[in-house]
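Heads up: the sequence shown begins at 1 in the UniProt record's numbering, then just goes up one per residue.
Positions of the beta carbon are idealized from the N, C-alpha and C atoms, including for glycine.
This report concerns only the one structure given below.
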Amino acid sequence: MARDIYAYRQVAVQSVSDGRHVWIQPVPGQAFAPSLRVQCARALCDTAVYPLGTCFLLDAKLTDRQGGTPYLYAWHGDAVKVMTPAQTRAFLAEFKRGRI
1 MARDIYAYRQ
11 VAVQSVSDGR
21 HVWIQPVPGQ
31 AFAPSLRVQC
41 ARALCDTAVY
51 PLGTCFLLDA
61 KLTDRQGGTP
71 YLYAWHGDAV
81 KVMTPAQTRA
91 FLAEFKRGRI
């Protein structure tokens, strides 16, 4: 089955930790709540490569598994762009200008 590329949109995400686990969540200021979980390549959670708080630009889609809790899904083979804080602010500003 082919992947529906129109279901995916660019989302700025960041790595966060609760002290025990590292996970990826959307950056505040977008259409997605920061509490929404993101399923993506596990390498993004590797703090030896990417320190906590690193922002990434992913192509993701909102989905749920058989009516479960909604989450963002980014295919693990897609290109990932690491964003600087300035690039993240610019992306969020562009997002806000594009909103209706």
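query	result
Reduced DSSP secondary structure (H/G/I, E/B, other) of Ala74	coil
Whole-angstrom distance between Ile24 and Asp18, CA atom to CA atom	11 Å
Simplified DSSP assignment, three categories, for Pro28	coil
Nearest-angstrom beta carbon gap, Val80 and Leu36 [assumed within contact, 8 Å]	With a Cβ gap of about 18 Å, Leu36 and Val80 do not count as contacting.
Extent of the continuous beta strand (DSSP E) to which Cys40 belongs	Run containing Cys40: none; DSSP gives neither H nor E here.
His76 versus Pro70 - alpha carbon distance	18 Å
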